[in-house]
Amino acid sequence: MTDENGAADVVRAADTDGSELDGNTLAGPLGELFAVDLTVASSRCAGCGRVDTVAQLVVYGPDPGWVARCPGCASVVLRLVRSPDAAWLDLHGATSIHIPMVT
Amino acid sequence: MARAAVPGRLTARLAWRAARLVDVTAQTAAAHSLSLEVPGWPGHLAGQHVDIRLTADDGYTAQRSYSLSAPAAGDHVEITVQRVDDGEVSPYLVDSLQVGESVEIRGPVGGWFVWRPTDPQPVLLVGGGSGIAPLMAMIRERRGTGSHVPFRLIYSVRTPDDTLFAQELRHPTTVGTGLDISWVHTRVAPPGDPRPAGRIGLPDLVAHGWPADFAPNCFVCGPTGFVEFVADALVTLGHAPDVIRTERFGPTGG
Amino acid sequence: MARFSPGFGGRRRSDAEGLPPGQYLTRDFPVLSAGPTPRIPLDRWEFWIRTETGAEHRWTWPELTALPAEAPTVDLHCVTKWSKLQTSWTGVPVASLLSAVESTSEYAMVHSYGGYTTNVPVVDLLDGKAWIVHSYDGKDLAPEHGGPARLLVPHLYLWKSAKWVRGIELMTRDEPGFWESVGYHNYGDPWREQRYQGD
Numbered sequence: 016m017t018d019e020n021g022a023a024d025v026v027r028a029a030d031t032d033g034s035e036l037d038g039n040t041l042a043g044p045l046g047e048l049f050a051v052d053l054t055v056a057s058s059r060c061a062g063c064g065r066v067d068t069v070a071q072l073v074v075y076g077p078d079p080g081w082v083a084r085c086p087g088c089a090s091v092v093l094r095l096v097r098s099p100d101a102a103w104l105d106l107h108g109a110t111s112i113h114i115p116m117v118t
Numbered sequence: 359m360a361r362a363a364v365p366g367r368l369t370a371r372l373a374w375r376a377a378r379l380v381d382v383t384a385q386t387a388a389a390h391s392l393s394l395e396v397p398g399w400p401g402h403l404a405g406q407h408v409d410i411r412l413t414a415d416d417g418y419t420a421q422r423s424y425s426l427s428a429p430a431a432g433d434h435v436e437i438t439v440q441r442v443d444d445g446e447v448s449p450y451l452v453d454s455l456q457v458g459e460s461v462e463i464r465g466p467v468g469g470w471f472v473w474r475p476t477d478p479q480p481v482l483l484v485g486g487g488s489g490i491a492p493l494m495a496m497i498r499e500r501r502g503t504g505s506h507v508p509f510r511l512i513y514s515v516r517t518p519d520d521t522l523f524a525q526e527l528r529h530p531t532t533v534g535t536g537l538d539i540s541w542v543h544t545r546v547a548p549p550g551d552p553r554p555a556g557r558i559g560l561p562d563l564v565a566h567g568w569p570a571d572f573a574p575n576c577f578v579c580g581p582t583g584f585v586e587f588v589a590d591a592l593v594t595l596g597h598a599p600d601v602i603r604t605e606r607f608g609p610t611g612g
Numbered sequence: 007m008a009r010f011s012p013g014f015g016g017r018r019r020s021d022a023e024g025l026p027p028g029q030y031l032t033r034d035f036p037v038l039s040a041g042p043t044p045r046i047p048l049d050r051w052e053f054w055i056r057t058e059t060g061a062e063h064r065w066t067w068p069e070l071t072a073l074p075a076e077a078p079t080v081d082l083h084c085v086t087k088w089s090k091l092q093t094s095w096t097g098v099p100v101a102s103l104l105s106a107v108e109s110t111s112e113y114a115m116v117h118s119y120g121g122y123t124t125n126v127p128v129v130d131l132l133d134g135k136a137w138i139v140h141s142y143d144g145k146d147l148a149p150e151h152g153g154p155a156r157l158l159v160p161h162l163y164l165w166k167s168a169k170w171v172r173g174i175e176l177m178t179r180d181e182p183g184f185w186e187s188v189g190y191h192n193y194g195d196p197w198r199e200q201r202y203q204g205d
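Protein chains in written order, with the working numbering: chain A, 16 to 118; chain B, 359 to 612; chain C, 7 to 205.
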């Protein structure tokens, strides 16, 4: 069996169908919600522990929503859905997020 | 971290604004550079991108990201769009939008895939197809600031006719000295070209990239398979992963 | 206020009468993804139904495709607003698969290869409302559209028709699946335009 992200049994990115983007494209959508540019932040994948910048996550979307996956294990790290009057954000696939700040 | 619903009454911090098309340059049969006028444009860094939003009469919207392919020039910004077959946004931008008409733009955004002229390290740019767009912004920024930072570009295209920015890149003296350009043709090479047609490989990166001990900053942009291969190859060649920055474009690289 | 993107129509071909509210007609078959397309060799493929007591029934590919099939022609309505009418499929009614297990569950979680999930009330999988389909338009179902097999439950928005289906878990309580847990409607009736939570 697999965990909820099911990454373990998916034959991965050699089977890219060419439509994948990356977290760079989330700069605008996340920029609606956050004062800092989250694409330069690093996230630790809750599935495998790998650390990548958000910009490097493999991203699917924008319809029906944004899904950012770990480049290593394909677990879902981040999800963002935009409805007409709200945004829904799920970050439970990231154990932690490190945001460089300038004092 | 728990899920959170963000109520709509928070004002979006990064706003959409009007962008009027003022000029079009056909790069290839499928790709155009669009010069947009955006009053009050705050300027941007080489490598950043914008989101473009289209709205139909009944309120239906579609949006996509496009790299800024030139440095900031007052209120004028340039994006370069390659038509994706059966795409939702790119066919409209390439084939329908007329000079004088407007779209909505949000940006500039994206602080990771960025080159600053104050960075002293040599730079390796590896572009595939329309992935050349943000790299062109870097090349033009370098020329515009009179930077002497050594740049090497490896540009992979299917055939010579698929070369974007051919005027500038095939006549490299126009982009300034200290920029070395080498070509990978994946399907059809120019007659007499010493490199036969074929996908980019390790030998191309060895011959035309920087040695790893020069510690260059590497920027790789193009279709997802291209980016993954090149980034992995650069690591294999000894470049540290954290000096390799990548941007994946969609099916045709944008 | 400036008028934007004159003449933009998206993928639309026309507005047709008889569509659910907010939908437009398309002749394409757009592919939307939340992840990489799973590739499952048929000799490893299986479909299971697990009841609330843990009892399980499994079918291999030969076993599933040997079952009596139907050939429904249905309209598809995607929450991203496109509708595609009169699509032809071949597959096994979910009701006949559910009859292989004993359950009093009212709720189901549909699981896909690759980890996608979506929740559907059991009553919405019975009585000719849902199939496990393995061909589309007379040909084997392509991976990009959910092949080798997907759930088809056309009276709900298309995100409920889970691609790359691998099993149905019968539950005593309802739980939100992949999109339902991040803002999409728990039920998803296109005729009541139940796109997002709170609609």
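Glycine residues also receive a C-beta, built at the ideal position from the N, C-alpha and C atoms.
As the structure is a prediction and not an experimental result, all values here were calculated from the model.
Unbroken alpha helix (DSSP H) run spanning Ala-565 (chain B), endpoints: Residue numbering aside, residue 565 (chain B) sits at position 207 when the second sequence is read from its first letter. Per DSSP, Ala-565 (chain B) belongs to the alpha helix (DSSP H) from 560-566.
Separation of Thr-96 (chain C) from Thr-68 (chain A), as counted between CA atoms: Counting from one through the first sequence, the residue named residue 68 (chain A) turns up at place 53. Counting from one through the third sequence, the residue named residue 96 (chain C) turns up at place 90. For the pair Thr-68 (chain A) and Thr-96 (chain C), the Cα-to-Cα distance works out to about 44 Å.
Reduced DSSP category for Ile-497 (chain B) - H, G, I as helix; E, B as strand; rest coil: As a working note, residue 497 (chain B) is residue 139 in the second sequence. DSSP places Ile-497 (chain B) in helix when its eight states are reduced to three.
CB contact check: Asp-205 (chain C) to chain B, cutoff 8 Å: For the purposes of this step, residue 205 (chain C) is identified with residue 199 of the third sequence, where counting begins at 1. Taking Cβ atoms only, chain B never reaches closer than 8 Å to Asp-205 (chain C), which makes this a no.
Rounded straight-line distance, which links the Cα of Asp-444 (chain B) to that of Gly-45 (chain C): By 1-based counting over the third sequence, the position of residue 45 (chain C) is 39. By 1-based counting over the second sequence, the position of residue 444 (chain B) is 86. The sequence shown places Arg at residue 45 (chain C), rather than the Gly named in the question. Using only the alpha carbons, I get a separation of about 24 Å.
Secondary structure of Ile-539 (chain B), DSSP reduced to three states: For the purposes of this step, residue 539 (chain B) is taken as the residue at position 181 of the second sequence. Strand, per DSSP.
Extent of the continuous beta strand (DSSP E) to which Gln-421 (chain B) belongs: Within the second sequence, residue 421 (chain B) is the residue found at index 63, counting from 1. 419-425 is the extent of the beta strand (DSSP E) around Gln-421 (chain B).
Exposed unless 16 or more other CB atoms sit within 10 angstroms - verdict on Val-139 (chain C): Looking up residue 139 (chain C) in the third sequence gives position 133. Here Val-139 (chain C) is buried: its Cβ has 16 or more other Cβ atoms, across all protein chains shown, within 10 Å.
Spatial distance of Pro-115 (chain A) from Phe-584 (chain B) (CA atoms): Locating residue 115 (chain A) in the first sequence gives position 100, counting from the first residue. Locating residue 584 (chain B) in the second sequence gives position 226, counting from the first residue. Computed Cα separation, rounded: 29 Å.
Neighbour flag for Gly-16 (chain C) against chain B, beta carbons, 8 Å: Working through the third sequence from its first residue, we reach residue 16 (chain C) at position 10. Yes, because at least one Cβ of chain B sits closer than 8 Å to the Cβ of Gly-16 (chain C).
Cα-Cα separation, Thr-503 (chain B) to Thr-419 (chain B): As a position in the second sequence, residue 503 (chain B) is number 145, starting the count at 1. As a position in the second sequence, residue 419 (chain B) is number 61, starting the count at 1. So the alpha carbons of these two residues sit roughly 38 Å apart.
Range of the contiguous alpha helix (DSSP H) that encloses Pro-68 (chain C): Indexing the third sequence from 1 puts residue 68 (chain C) at position 62. Taken as a continuous stretch (DSSP letters only), the alpha helix (DSSP H) holding Pro-68 (chain C) covers 67-72.
Inter-residue CB distance, Gln-440 (chain B) and Ala-388 (chain B) (contact presumed, cutoff 8 Å): One-based indexing of the second sequence puts residue 440 (chain B) at position 82. One-based indexing of the second sequence puts residue 388 (chain B) at position 30. Contact holds; Cβ gap of about 6 Å.
Cβ-based neighbour list, Ala-109 (chain A), same chain, cut-off 8 Å, excluding 5 preceding and 5 following: Numbered from 1 along the first sequence, position 94 holds the residue referred to as residue 109 (chain A). Excluding sequence neighbours, Ala-109 (chain A) sits near Ser-58, Arg-59, Cys-60, Ala-61, Val-92 and Leu-93.
Closer than 8 Å to chain B by CB, Pro-12 (chain C): By one-based count along the third sequence, residue 12 (chain C) stands at place 6. Cβ-Cβ to chain B under 8 Å: yes for Pro-12 (chain C).
Proximal residues to Arg-361 (chain B) (C-beta, below 7 Å), its chain only, five neighbours per side dropped: Residue 361 (chain B) sits at position 3 when you count from the first residue of the second sequence. Any reading at Arg-361 (chain B) is ruled out, since the residue's pLDDT is 44, under 50, leaving its predicted position unreliable.
Where Ser-57 (chain A) sits in the DSSP three-state scheme: Within the first sequence, numbered from 1, the residue matching residue 57 (chain A) stands at position 42. Ser-57 (chain A) falls in the strand class under three-state DSSP.
Helix, strand or coil at Pro-44 (chain A) [DSSP, three-state]: Position 29 of the first sequence holds residue 44 (chain A). Note: Pro-44 (chain A) maps to helix in three-state DSSP.
Leu-592 (chain B) and Ile-602 (chain B) closer than 8 Å at C-beta: Position 234 of the second sequence, counted from the first residue, corresponds to residue 592 (chain B). Position 244 of the second sequence, counted from the first residue, corresponds to residue 602 (chain B). Yes, these two residues count as a Cβ contact at 8 Å.
Expected contact under 8 Å - CB spacing of Ser-111 (chain C) and Val-128 (chain C) to nearest Å: Locating residue 111 (chain C) in the third sequence gives position 105, where the first residue counts as 1. Locating residue 128 (chain C) in the third sequence gives position 122, where the first residue counts as 1. Right, their Cβ atoms sit about 6 Å apart.
Asp-453 (chain B) at chain C interface by Cβ criterion, 8 Å: Locating residue 453 (chain B) in the second sequence gives position 95, where the first residue counts as 1. No, its Cβ sits nowhere closer than 8 Å to a Cβ of chain C.
Cross-chain neighbours of Gly-33 (chain A) in chain B, by beta carbon under 8 Å: In the first sequence, counting from the first residue as 1, residue 33 (chain A) sits at position 18. Simply Pro-581, Thr-582, Gly-583, Gly-608 and Pro-609.
Short Cβ contact (8 Å threshold) for Leu-412 (chain B) with Phe-14 (chain C): As a first step, residue 412 (chain B) must be located in the second sequence, where it is residue number 54. As a first step, residue 14 (chain C) must be located in the third sequence, where it is residue number 8. Result yes, Cβ atoms of Leu-412 (chain B) and Phe-14 (chain C) sit closer than 8 Å.
Per-residue DSSP class, three states only, for Asp-34 (chain C): Counting from one through the third sequence, the residue named residue 34 (chain C) turns up at place 28. Of the three classes helix, strand and coil, the one that applies to Asp-34 (chain C) here is coil, per DSSP.
Length of the line joining the Cα atoms of Tyr-119 (chain C) and His-151 (chain C): As a working note, residue 119 (chain C) is residue 113 in the third sequence. As a working note, residue 151 (chain C) is residue 145 in the third sequence. C-alpha separation (whole angstroms): 13 Å.
Phe-49 (chain A) classed as buried or exposed, judged by whether at least 16 other C-beta atoms fall within 10 angstroms: Translated into positions along the first sequence, residue 49 (chain A) becomes position 34. Per the 10 Å Cβ criterion, exposed.
DSSP state of Pro-196 (chain C) mapped onto helix, strand, coil: As a position in the third sequence, residue 196 (chain C) is number 190, starting the count at 1. Helix.
Option in B:Ala-376, B:Gly-405, B:Asp-381 and B:Gly-556 with minimal Cα separation from Cys-579 (chain B): The residue given as residue 579 (chain B) occupies position 221 in the second sequence. For the residues B:Ala-376, B:Gly-405, B:Asp-381 and B:Gly-556, the minimum Cα distance to Cys-579 (chain B) belongs to B:Gly-405.
C-alpha gap between Leu-38 (chain C) and Pro-492 (chain B), whole angstroms: For the purposes of this step, residue 38 (chain C) is taken as residue 32 along the third sequence, with counting starting at 1. For the purposes of this step, residue 492 (chain B) is taken as residue 134 along the second sequence, with counting starting at 1. Rounded to the nearest angstrom, the two C-alpha atoms are 26 Å apart.
Proximity winner among C:Gln-92, C:Arg-179, C:Leu-82 and C:Lys-87, relative to Ala-114 (chain C) (alpha-carbon distances): For this step, residue 114 (chain C) is matched to residue 108 along the third sequence. Cα-wise, what sits closest to Ala-114 (chain C) is C:Arg-179.
Residues of its chain near Ser-109 (chain C), where Cβ-Cβ distance is below 7 Å and the 5 sequence neighbours each way are ignored: Stepping through the third sequence from its first residue, residue 109 (chain C) is reached at position 103. Once the five neighbours on either side are set aside, the close Cβ partners of Ser-109 (chain C) are Thr-57, Glu-58 and Leu-176.
Coarse secondary structure for His-117 (chain C), derived from DSSP in three states: Numbered from its first residue, the third sequence carries residue 117 (chain C) at position 111. Correct three-state label for His-117 (chain C): strand.
Residues that Leu-394 (chain B) bridges to, as DSSP identifies them: Stepping through the second sequence from its first residue, residue 394 (chain B) is reached at position 36. B:Leu-379 and B:Val-435.
Integer-rounded CB distance, given that Arg-17 (chain C) should sit under 8 Å from Glu-446 (chain B): By one-based count along the second sequence, residue 446 (chain B) stands at place 88. By one-based count along the third sequence, residue 17 (chain C) stands at place 11. Contact holds; Cβ gap of about 6 Å.
Short CB-CB distance (under 8 Å) between Val-461 (chain B) and chain C: For the purposes of this step, residue 461 (chain B) is taken as residue 103 along the second sequence, with counting starting at 1. It does; some Cβ of chain C falls within 8 Å.
Local Cβ density within 10 Å of Phe-572 (chain B), reported as buried at 16 or more and exposed below that: Position 214 of the second sequence, counting from 1, holds the residue named residue 572 (chain B). By the 10 Å Cβ count, Phe-572 (chain B) comes out exposed.
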